[in-house]
Amino acid sequence: MVQRNYDAVFGPARLRDLTRSIIVGLILYNGFFFTSFLLTPDLAYVSFILRIIVVTLPSQGLILLLRRVSPGTREWLILAGMVNAHFAMVLTVWISDSPLAGYAFAELNLILVFGAFTLGLRLLQSILFLTSCTAVTLLLIGRIDTFPDSLRAALWLQSVTAYVFCLYGSLQIERRRCTNFMEAFRASERASTAEETSQELQELSRTDPLTGLANRRALELEVATWFDDPAPIALAMIDIDHFKLYNDSLGHPEGDDCLRRVSAALRDALGDFDTSLPARIGGEEFAIALKGSATQDADALAERVRHAIETLALPHPGRLDGLKIVTISVGVARPSPGTKTSLSDVLRRADAALYAAKRRGRNTVCIESRGIRAA
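Have a look at this one:
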């Protein structure tokens, strides 16, 4: 999973780096034909053919192929290309009769350095590349009879040193690559978790925990933004009638259940109104904010909500007016279109309409539709 995440993040950059490195490597690799001409003049033509046909042309095809394979396959193809480049040089040194052929082994070590550091082969591919190529080089040094023992020993030492140097470098590169990515990955995970937690906390800060409706803060923040829009606004204030007597007679647990059931009925009643925001703003008080075309049906909506709560027929044994079920009173403020107003004015008008509904005997709807004074 981590490797897939790494490839998803750094895969495109890795492809670009490999492409550039291969191009630079081919230029330098073919530039070394000059040293082959000096050190193995008997095979100058063969060296030229090997560099162009066996290494350069396949490497150019490899560049195109890398874009069409998976990241894992890409690393194996790079390994194959590096082994091929090393093989071409080994073959030249092996079959040359030049007394200077031994000095060409320096180029073999440069190929190891290029693969381990410039291409940055992944650790597994790097180990296979370095080990196999060094083993072939050591075997070749031992099989060339024209080398004096002192030269053979020096070349062996150089090859082993280059192997250890490159292997250690590959281990360091891989360790840093993995460490840096894991640190970045963990930081990203922490940031993502923190963002999710922040969103959850923000949601909780705007949600009433008992009913799941928006709370007063959420209502005020949302409706305050509506005043930047010319669309009409309406606000309904709702109060459960004689709720204190309900709690006194049945207890607070039943009171909480009553609030939840009233909230659910309120949500159901608003099912057809997309631009509405129901909220519990405190105790037994609720509010519904309406925007746009929904305000035209504010009167009908208020009556629908009142009727929905009445239809629940929740027993209210504490009422003294003889009704004996839970009901609500609703006050609606609907500013005249085009008038300048503010959230505090609309809240005040809706609250005044609510108290007018209570004075009329409760279980009723009162509409305040007069123009609002300029804010």
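In terms of the working numbering, the sequence shown opens at residue 33 and continues consecutively. The beta-carbon is built from N, C-alpha and C at its ideal position, and this holds for glycine as well.
Per-residue DSSP class, three states only, for residue i
i: Val101; result: coil
i: Val362; result: strand
i: Thr243; result: coil
i: Ala40; result: helix
i: Gly57; result: helix
i: Ser128; result: coil
i: Arg299; result: helix
i: Ala45; result: helix
i: Ala388; result: helix
i: Lys323; result: strand
i: Ile159; result: helix
i: Ser308; result: strand
i: Ile357; result: strand
i: Glu107; result: helix
i: Glu316; result: coil
i: Ala268; result: strand
i: Ala406; result: Residue placement at Ala406 is poorly supported in this model, since its pLDDT is 26, which falls under 50; the coordinates still yield a value, given next. It is coil, neither helix nor strand.
i: Pro349; result: coil
i: Ile85; result: helix
i: Ile399; result: strand
i: Gly134; result: helix
i: Lys432; result: Residue 432 lies beyond the range of the chain shown here (33 to 407); nothing can be said about it.
i: Arg249; result: helix
i: Ile95; result: helix
i: Pro369; result: coil
i: Thr51; result: helix
Beta-carbon proximity of residue i to residue j, cut-off 9 Å
i: Arg380; j: Pro264; result: no
i: Phe146; j: Met114; result: yes
i: Gly363; j: Val397; result: yes
i: Asp329; j: His274; result: no
i: Ala133; j: Ile85; result: no
i: Ile272; j: Cys290; result: yes
i: Ser91; j: Leu58; result: yes
i: Leu322; j: Ser361; result: no
i: Leu242; j: Arg312; result: yes
i: Ser53; j: Phe65; result: no
i: Leu333; j: Phe259; result: no
i: Arg222; j: Ser237; result: no
Spatially closest choice to residue i from the options, by CA coordinates
i: His118; options: Leu142, Arg222 and Leu96; result: Leu142
i: Val192; options: Arg222, Ala167, Lys356 and Leu253; result: Ala167
i: Asp331; options: Ser308, Arg222, Ile399 and Ile95; result: Ile399
i: Ala296; options: Glu286, Pro310 and Gly283; result: Pro310
i: Thr72; options: Gln35, Val56, Met121 and Phe42; result: Met121
i: Leu203; options: Ala223, Asp181 and Arg154; result: Arg154
i: Thr373; options: Asp39, Val255, Leu189 and Ala40; result: Val255
i: Arg394; options: Val358, Ser368 and Glu227; result: Val358
i: Tyr25; options: Thr225, Gln231, Arg222 and Ala148; result: A query on residue 25 cannot be resolved here, the shown segment of the chain reaching from 33 to 407 and no further.
i: Val56; options: Ile95, Leu156 and Glu342; result: Ile95
i: Leu245; options: Leu75, Arg299 and Glu252; result: Arg299
i: Asp39; options: Gly201, Ser182 and Arg209; result: Arg209
i: Tyr135; options: Arg83, Gln190 and Gly93; result: Gln190
i: Leu355; options: Pro285, Ala185 and Tyr278; result: Tyr278
i: Val378; options: Arg83, Asn212, Arg207 and Glu252; result: Glu252
i: Ala340; options: Ile320, Tyr77 and Val294; result: Val294
i: Asp261; options: Ala76, Leu60, Thr51 and Thr371; result: Thr371
Supposed contact pair residue j and residue i - C-beta distance, whole angstroms, cut 8 Å
i: Ser68; j: Thr150; result: That pair is no contact at about 21 Å.
i: Leu302; j: Ala382; result: With a Cβ gap of about 16 Å, Leu302 and Ala382 do not count as contacting.
i: Leu187; j: Ile205; result: In fact, because the Cβ distance is near 26 Å, the residues do not count as touching under 8 Å.
i: Thr169; j: Leu140; result: 5 Å
i: Asn116; j: Thr88; result: With 8 Å as the limit, Asn116 and Thr88 do not qualify as a contact, their Cβ atoms being about 11 Å apart.
i: Asn247; j: Thr239; result: 6 Å
i: Ile157; j: Ile110; result: Note on residue identity: the sequence assigns Gln, not Ile, to residue 157. Between Ile110 and Gln157 the Cβ distance is about 7 Å, and since that is below 8 Å, they are a contact.
i: Thr307; j: Gly287; result: Contact flag wrong, Cβ pair sits at about 31 Å.
Q. When the Cβ atoms of the segment 127 to 144 are set against those of the segment 94 to 106, are three or more pairs found closer than 8 Å?
A. Fewer than three beta-carbon pairs drawn from the segment 127 to 144 and the segment 94 to 106 are found closer than 8 Å, and the two stretches are therefore not classed as touching.
Q: Would you be able to state if there are at least three C-beta pairs under 8 Å between the segment 345 to 354 and the segment 307 to 318?
A: In short, these stretches do not touch, since the Cβ pair count stays below three.
Q. Quick one: any contact between the segment 44 to 51 and the segment 86 to 101, if contact means 3 or more CB pairs under 8 Å?
A. Three or more pairs of CB atoms, one per stretch, sit closer than 8 Å, so the segment 44 to 51 contacts the segment 86 to 101.
Q. Pairing CB atoms from the segment 154 to 162 with CB atoms from the segment 211 to 221, are three or more of them under 8 Å?
A. At 8 Å Cβ cutoff, the stretches do not touch.
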